[in-house]
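One structure is given here, and the rest of the page talks about it.
Residue numbers (the numbering used here): 4 to 96.
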């Protein structure tokens with residue numbers, strides 16, 4: 004993947020490269036996957052990612068995002084992603 008796909012926006016590139024769909028942590032076709040399980044797992048993973056990234060990169064703070072789609076039944080699109088906060092300034096400019 005190149006930065007061209009994200010219009011040269013480093014925050015977008017990092018968010019795409021560092022994302023994980025929560026449903027992918029389950030086996031394919033998991034019949035008991037539900038919104039409450041995905042939300043609980045996603046929120047806990049967000050906390051873990053924040054703590055681990057802060058420990059590993061104290062001089063490069065990161066933003067961790069847990070995306071919850073508007074449609075409750077869209078379980079495959081719940082995802083966690085992270086990027087360096089320094090790139091947020093570039094995106095805002």
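Even glycine gets a Cβ: it sits at the ideal position worked out from N, Cα and C.
A residue is called buried once 16 or more other Cβ atoms fall within 10 Å of its Cβ, and residue 14 is buried on that count. Around the beta carbon of residue 85, a 10 Å sphere encloses 16 or more other beta carbons of the protein chains shown; the residue is thus reported as buried.
Straight-line measurement puts the Cα of residue 32 at about 26 Å from the Cα of residue 18. Within the same chain, and ignoring the five residues on either side of residue 90 in sequence, the residues whose Cβ sits closer than 7 Å to its Cβ are 13, 14 and 17. In the three-state reduction of the DSSP assignment, residue 76 falls in the coil class, being assigned neither a helical nor a strand state.
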